[in-house]
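Residue numbers (the numbering used here): 1 to 385. We treat Cβ as the ideally placed atom computed from N, Cα and C, and that holds for glycine. What follows is a single structure, written as structure tokens, with notes after it.
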Amino acid sequence: MTTPMGESDVATPLGMGLVGAGGFGAFCLQAFAEMREVSVVAVADRDLERAAAIAPPRAAVYGDLATLLADPAVDIVHVATPPALHGAQARQAAEAGKHLFVEKPLAISLDEARNVVRAAQRAGVKLSVNYVLRRHPLHQLAAALVHAAALGPLQLFSLENFATDDRLPPEHWFWDPAQSGGIHVEHGVHFFDLCNHLAGQSPTAVSGSAQRRDDGRLDRVAATVIYGDRILATFYHSFNQIGRFERTTIRLGCARGRLQLDGWIPTGLSVDGVVDENGLAFFRHHFRDLSIDERFSGAQSIFHHGGIAEKLVASVRATATYSRRQLAYKEAIQAGLRDLVNAIHTGDQPTIGPPDALLSLAVAVAASRQHSQKTPGIRTGEPGR
Ligand SMILES: NC(=O)c1ccc[n+]([C@@H]2O[C@H](COP(=O)([O-])OP(=O)(O)OC[C@H]3O[C@@H](n4cnc5c(N)ncnc54)[C@H](O)[C@@H]3O)[C@@H](O)[C@H]2O)c1
Numbered sequence: 001m002t003t004p005m006g007e008s009d010v011a012t013p014l015g016m017g018l019v020g021a022g023g024f025g026a027f028c029l030q031a032f033a034e035m036r037e038v039s040v041v042a043v044a045d046r047d048l049e050r051a052a053a054i055a056p057p058r059a060a061v062y063g064d065l066a067t068l069l070a071d072p073a074v075d076i077v078h079v080a081t082p083p084a085l086h087g088a089q090a091r092q093a094a095e096a097g098k099h100l101f102v103e104k105p106l107a108i109s110l111d112e113a114r115n116v117v118r119a120a121q122r123a124g125v126k127l128s129v130n131y132v133l134r135r136h137p138l139h140q141l142a143a144a145l146v147h148a149a150a151l152g153p154l155q156l157f158s159l160e161n162f163a164t165d166d167r168l169p170p171e172h173w174f175w176d177p178a179q180s181g182g183i184h185v186e187h188g189v190h191f192f193d194l195c196n197h198l199a200g201q202s203p204t205a206v207s208g209s210a211q212r213r214d215d216g217r218l219d220r221v222a223a224t225v226i227y228g229d230r231i232l233a234t235f236y237h238s239f240n241q242i243g244r245f246e247r248t249t250i251r252l253g254c255a256r257g258r259l260q261l262d263g264w265i266p267t268g269l270s271v272d273g274v275v276d277e278n279g280l281a282f283f284r285h286h287f288r289d290l291s292i293d294e295r296f297s298g299a300q301s302i303f304h305h306g307g308i309a310e311k312l313v314a315s316v317r318a319t320a321t322y323s324r325r326q327l328a329y330k331e332a333i334q335a336g337l338r339d340l341v342n343a344i345h346t347g348d349q350p351t352i353g354p355p356d357a358l359l360s361l362a363v364a365v366a367a368s369r370q371h372s373q374k375t376p377g378i379r380t381g382e383p384g385r
């Protein structure tokens, strides 16, 4: 419980209030129920029956956010309504003095997102966005490898996300950009945030494109994001696949090797490359499944590449797996909320806070804006064509 001074008692669970008792809200409630740090005290949905169906036994059930915000037992609001509502609801919750755990995206426009951040700052409440990918152990391992430059600097991030639409009928809010913000904003933000985190810097240029199916629904989008002369990132999402053929792959290219992550909630990471002494120490420390294919010594250990010469000691291959996908998903949600609770108790910023939410949304909005602009056809200028 939060005291009037804004300080909090670590031993007492904070009261959680969920707004948006849909599919994902229900999944999150199961994750929250296992946590000692919080207790779900209220659930609100404009569909009261839905809220009542998933609310824990002693939790209050409300038909709108305003009533939930008036409940003094609620310390943190989890906003899990469709994306177009996030900005206004999160701001309203901040103005009511509640801490914020917001589903991605923080809002569907940058202006709205900035307003949420300002409202949270004014009210002195903490704000985090539920970017589960960043909390996943395999993404964290890949990030540690990239940040340690174990295979040299990151140069390429390449996402292929072949997603299914088998749970997305034509009338679903997902297809209406006014409600979802479009694919880059609703879904792509996860990957823009992950890529920004891996890059460790802000993008310098963004471009986007999109394609429609025959009924006019925009179901494939792509983006290219540039980080100066250092990193090129490409993102592709198609929401037209058969469920059993869904595939998500992230390939990372470093100066001396490559990484591959399989699955949107990844189940496998494979790596191969050439390492120096520090890189080898990194691999030994982090990977149980490591093979050292070749050892280099003497003149053979000096490699000239990319305009530099490096002394390298071995070529390596490694894999890591995390086959319990649903468990990893649930644990990622718990880790995100735990981090927010920790920030509330310590006064620090959450590890995923307003700057990450704003930057990833800025990239998503820029990619979407680009694909809505018509560009002239390609012409060679050759006569007769
Ligand atoms: N972080 C993740 O991995 C992840 C995964 C899936 C979905 N999401 C996000 O979670 C959010 C919810 O997605 P979902 O699939 O559960 O959607 P959903 O349509 O199943 O649920 C949305 C719920 O919000 C309720 N609602 C709508 N307007 C409301 C209002 N004004 N006040 C109160 N309740 C209202 C609806 O009645 C519904 O129960 C979306 O923003 C989505 O992007 C995040």
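When the Cα of residue i is compared with those of the options, which residue comes out closest?
i	options	result
V316	L337, Q334 and D293	D293
F239	I76, D166, K311 and A143	D166
P83	E95, P105, L133 and F287	P105
V129	H147, L232, H86 and T380	H86
F235	L269, L159, C254 and R46	L159
A178	V274, I108, L138 and A210	I108
H172	A205, D219, S202 and H190	D219
V102	A335, V117, V79 and R230	V79
A70	R58, D47, R50 and A96	A96
I242	T164, H197 and L232	T164
L312	G336, A94, R256 and K330	R256
H304	V274, D348, R284 and L327	V274
L48	E34, D64 and S297	D64
K98	R247, A66 and F191	A66
L156	D289, R251 and K330	R251
A142	E310, H286 and R369	H286
A205	Q140, H136, V38 and D229	D229
E390	D215, L358 and T380	This structure leaves residue 390 out entirely; the chain is present only between 1 and 385.
I54	F282, G17 and P153	G17
L232	F192, V43, A123 and F32	F192
V132	G124, V365 and D339	D339
W175	G216, H147, L145 and L194	G216
So is residue i buried or exposed if we call it buried at 16+ other beta carbons inside 10 Å?
i	result
E186	buried
Q121	exposed
Q30	exposed
F245	exposed
P4	Note that P4 scores a pLDDT of 39, beneath 50, so its modelled location is shaky; the value from the coordinates is reported in the next line. When all chains shown are included, P4 counts as exposed.
G20	buried
S180	buried
G124	exposed
L327	exposed
A33	exposed
E7	Caution applies to E7, whose pLDDT of 47 falls short of 50 and renders its modelled position unreliable; the model cannot decide the point.
G347	exposed
S368	buried
Q300	exposed
I302	exposed
Mind checking whether the beta-carbon of residue i lies closer than 7 Å to any heavy atom of ligand 1?
i	result
L138	no
L85	yes
P82	yes
N278	no
W173	yes
R338	no
A199	no
G25	yes
A21	yes
N130	yes
E450	The question about residue 450 has no answer here: the residues shown for the chain are numbered 1 through 385.
L261	no
D45	yes
R50	yes
K98	no
A104	According to the sequence shown, residue 104 is Lys rather than Ala. Checking the Cβ of K104 against ligand 1 gives yes.
L159	no
L312	no
P64	Sequence check: residue 64 is Asp here, not Pro. Yes.
For my contact list, residue i and residue j are in at a C-beta cut-off of 8 Å; report their separation, rounded to the angstrom.
i	j	result
A52	R91	Not a contact, Cβ separation roughly 27 Å.
I344	K126	5 Å
P203	I226	6 Å
H208	A222	Note on residue identity: the sequence assigns Gly, not His, to residue 208. So it is a contact: roughly 7 Å between Cβ atoms.
V40	A11	Not really, about 18 Å apart at Cβ, beyond 8 Å.
R151	C254	It is Leu, not Arg, that sits at residue 151 in the sequence shown. At roughly 4 Å, the Cβ-Cβ gap stays under 8 Å, so L151 and C254 are in contact.
L68	A42	5 Å
A364	G188	5 Å
L337	M35	7 Å
- Query: Along the chain, which unbroken stretches of the beta strand (DSSP E) at least 3 residues long are found entirely within the stretch 227-274?
  - Reply: The stretch 227-274 contains these whole beta strand (DSSP E) runs: 231-241, 247-254 and 257-262.
- Query: Which ranges would you report for the beta strand (DSSP E) in the stretch 100-140 if only whole runs of at least 3 residues count?
  - Reply: 127-129
- Message: Quick check for students: name the residue ranges of the alpha helix (DSSP H) that lie wholly in the stretch 15-88, counting only runs of 4 or more.
- Response: 23-33, 48-54 and 65-69
- Runs of beta strand (DSSP E) wholly within the stretch 331-366 (minimum 3 residues, chain order): Listed in chain order, nothing qualifies, since the stretch 331-366 has no complete beta strand (DSSP E) run of 3 or more residues.
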